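Undergrad: What follows is a single structure, and I will ask about it in a moment.
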Amino acid sequence: MCNVSHVVELPLEGGVLGPGCRLSLPMWVRGPETSGVQEIKMLFMYRSEQENVKMRHRTLHHTIVINTASSVSLSGSAHRGQCSANSQDSGDLQLSVQLAIENMNQLHDSNIAEFSIRQVSCVSSRWSLFPAEDITEDMKILGGESLRVNFRARQHNHYSQGEVSNKLLAFSNCCFGKNIVDSTSTPCVDFCFRTLPDALPNQGTSGLLSSTSTPTISPSPSSHELSLLAIQEKARLKEDLECSQAAEMLLVVLWKAFVVDDDGESHALVGQNHISIIVLDQEETTHPLHKKPNEVKQLKFSKDPKPADKDIPTAEVLMQLLHYSLQFQPIIEHDFNQYVLCRVPIQLQIYNCCQCELEVFIETNPADNRLSQPTADYSAIFLPPDSSTFTWCSLSSEVINIPPSKRATATLHACFGGPGVYNLNSIQLYVKNPVSSPPKDSADAKSNPFDISGQRPNLLKQNSLPTSMITVVERNGSKT
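Heads up: the sequence shown is residues 1374 to 1853, going by the numbering used here.
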């Protein structure tokens, strides 16, 4: 089969190469994954302008032998940033992007002296890339060295406004030199569009379903329309939920290499490497990993597992529909001689990461948690004995609705009976499963989210908060 992405039409003046004419064109070739002597095979096809000839077209094979050296290896990941307390930034969900660049050459066996990182570009329909720190020194990597750079990714405005149908790719550049390289021009943009993963749409592609199969026996128009709407609704819901874990960005690293040939002369070569970050909290790498052989285990017979429903998101996606954090003053001074209890306001910032409205249940009392079975809190063993517990004096259970890609704030209050260091991560959030079918009595279910046993199977437990420490100290003297 012919790979269409590897076919290029030569730009000829008038579309014709005249007799005895010669045309020279620059050509950029994507290098192979391994170093050494390589063969690049090319196939040229040309056809005659005359009609009704016996031989309509001809082909010409050409092979180029090149000696390639190793360049750089990339590894990167994207993670969610902390929720901002500023209401003006409620639509800008930011990501923390880490990128590691390693020089795959060694000093003793390579003619490449060093790599200089010129620019890192981001190709995405959802995110724009910004540097997380000011880098004043040259981004140079010697043989065997590696470099790690941190970036910030900010969500586009049309995503925060719910316009997720806009799939046009945007380029954002982080330049480390004096001149910015235009990533939207040749040859950078050509390599980008030819190596885009399936998760990133090409320009001009849109739509919810790419194709819909037609059954052998077509039903009546009314039932067919209902079936098609049901399929589209399931696909739309799955896509909206999977947005919570989607990074969908392509990082392009533009570099310059200083090469010393066999005659001792130095040359400067430019190139680029790509890495795709599709899912959050998952490290991607371009260097081929050597897989260990699988151990032969004892043969066991079991029933065939039920095939997973393709229209239902995975459990990992359903556990990360929300991103939430606590906003509070880290150090509190209180006079316990005058007031026995110290009451501190805590702001709970909740962000809806998906593109559908969510019904969120907030649980602040783990001892009376009716939404799930209690689990052991192993972080408590690292706390001092006198500050192992505190009390939430606000509602133990609260329900709020959060629109798509919006942020909500809940005000909580914590009471402390003495000075110490306390961990506030006892809050647990649950989301009503948007995939499950609603109960028969929806009005009763909305007013009472629990069944007779105090449990509710269609609630999805979200990932727990990280360690959130607050320090309460004794204030010397009392104010009058």
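Here a beta-carbon is modelled for each residue, glycine too, at the ideal position from N, C-alpha and C.
Nothing here was measured: the structure is a model prediction, and the numbers come from that model.
1) Taking the C-alpha atoms as reference points, what is the distance between Asp1555 and Met1477?
2) Can you list, in chain order, the residues of its chain with a C-beta nearer than 7 Å to that of Glu1771? Leave out the 5 residues immediately preceding and following it.
3) Okay, do the stretch 1511-1523 and the stretch 1639-1657 touch, 3+ Cβ pairs below 8 Å being the bar?
4) To the nearest angstrom, report how far apart Ala1562 and Phe1488 are at their CA atoms.
5) According to DSSP, simplified to helix, strand and coil, what is Phe1488?
6) Roughly how many whole angstroms lie between the Cα atoms of Arg1429 and Val1389?
7) One question on the structure: do Phe1709 and Gly1791 come within less than 8 Å of each other, judged by their Cβ atoms?
8) Under the DSSP definition of a beta bridge, which residues are partnered with Gln1671?
9) Quick check: the stretch 1403-1419 against the stretch 1431-1440, are at least 3 beta-carbon pairs closer than 8 Å?
10) At what residue ranges does the stretch 1760-1791 contain a whole run of the beta strand (DSSP E), taking only runs of 3 or more?
11) Look up Pro1384 in the DSSP assignment and say whether it is helix, strand or coil.
12) In chain order, what residues of the same chain have a beta carbon less than 6 Å from the beta carbon of Ile1514, not counting five sequence neighbours either side?
13) Report the rounded CA-to-CA distance for Val1794 versus Val1717, giving the unit in angstroms.
14) Buried or exposed: where does Asp1613 fall if 16 or more other Cβ atoms within 10 Å of its Cβ makes it buried?
15) Note down the Cα distance separating Asn1646 from Cys1729, rounded to an integer number of angstroms.
16) Compute the beta-carbon to beta-carbon distance between Pro1858 and Ser1649, rounded to the nearest angstrom, for a pair I have assumed lies under 8 Å.
17) Around the C-beta of His1529, are 16 or more other C-beta atoms found within 10 angstroms, so that it is buried, or is it exposed?
18) Looking at C-alpha atoms only, which residue of His1696, Asp1654 and Ser1498 is the closest neighbour of Ala1781?
19) What do you get for Tyr1419, buried or exposed, if any count of 16 or more other CB atoms within 10 angstroms of its CB means buried?
20) Cα separation between Gln1746 and Val1690?
21) Buried or exposed for Lys1805, please, with buried defined as at least 16 other CB atoms from any protein chain shown within 10 angstroms of its CB.
TA: The relevant details are as follows:
1) Sequence index remark: in the sequence shown, residue 1555 carries index 182 (1-based). Sequence index remark: in the sequence shown, residue 1477 carries index 104 (1-based). Computed Cα separation, rounded: 26 Å.
2) Reading the sequence shown from its first residue, position 398 is the one you call residue 1771. The answer, listed in chain order, is Ile1735 and Ala1783.
3) No contact exists between the stretch 1511-1523 and the stretch 1639-1657.
4) By one-based count along the sequence shown, residue 1562 stands at place 189. By one-based count along the sequence shown, residue 1488 stands at place 115. First, the amino acid is wrong: residue 1562 is Val here, not Ala. In a straight line, the C-alpha of Val1562 is about 22 Å away from that of Phe1488.
5) The count along the sequence shown starts at 1 and reaches residue 1488 at position 115. Three-state result, Phe1488: strand.
6) Taking the first residue of the sequence shown as 1, we reach residue 1429 at position 56. Taking the first residue of the sequence shown as 1, we reach residue 1389 at position 16. CA-CA distance, Arg1429 to Val1389, rounds to 15 Å.
7) Taking the sequence shown and counting its residues from 1, one reaches residue 1709 at position 336. Taking the sequence shown and counting its residues from 1, one reaches residue 1791 at position 418. Contact annotation: Phe1709 and Gly1791 have beta-carbon atoms nearer than 8 Å.
8) Taking the sequence shown and counting its residues from 1, one reaches residue 1671 at position 298. Partner(s): none; Gln1671 has no beta bridge.
9) By the Cβ test, the stretch 1431-1440 is in contact with the stretch 1403-1419, since at least three Cβ pairs between them sit closer than 8 Å.
10) Assignment of beta strand (DSSP E) within the stretch 1760-1791, counting only whole runs of 3 or more residues, yields 1770-1775 and 1780-1789 in chain order.
11) In the sequence shown, residue 1384 corresponds to position 11, counting from 1. Under the three-state reduction of DSSP, Pro1384 is assigned to coil, being neither helix nor strand.
12) Along the sequence shown, one-based indexing puts residue 1514 at 141. Taken in chain order, the residues that qualify are Asn1476, Phe1488 and Leu1520.
13) For this step, residue 1794 is matched to residue 421 along the sequence shown. For this step, residue 1717 is matched to residue 344 along the sequence shown. Each residue's CA atom was taken as its position, placing Val1794 and Val1717 some 14 Å apart.
14) Within the sequence shown, residue 1613 is the residue found at index 240, counting from 1. It is buried - the Cβ of Asp1613 has at least 16 other Cβ atoms within 10 Å.
15) Stepping through the sequence shown from its first residue, residue 1646 is reached at position 273. Stepping through the sequence shown from its first residue, residue 1729 is reached at position 356. Cα to Cα, the separation comes out at about 36 Å.
16) Nothing about residue 1858 can be read from this structure; the chain reaches only from 1374 to 1853.
17) On the sequence shown, position 156 is the one that residue 1529 refers to. So His1529 ends up on the buried side.
18) Mapped onto the sequence shown, residue 1781 falls at position 408. Nearest C-alpha to Ala1781: His1696.
19) Working through the sequence shown from its first residue, we reach residue 1419 at position 46. Label assigned to Tyr1419: exposed.
20) Within the sequence shown, the letter at position 373 stands for residue 1746. Within the sequence shown, the letter at position 317 stands for residue 1690. Low confidence applies here, because Gln1746 scores a pLDDT of 41, under 50, leaving its location unreliable and the question unanswered by this model.
21) The sequence position of residue 1805 within the sequence shown is 432, counting from 1. When all chains shown are included, Lys1805 counts as buried.
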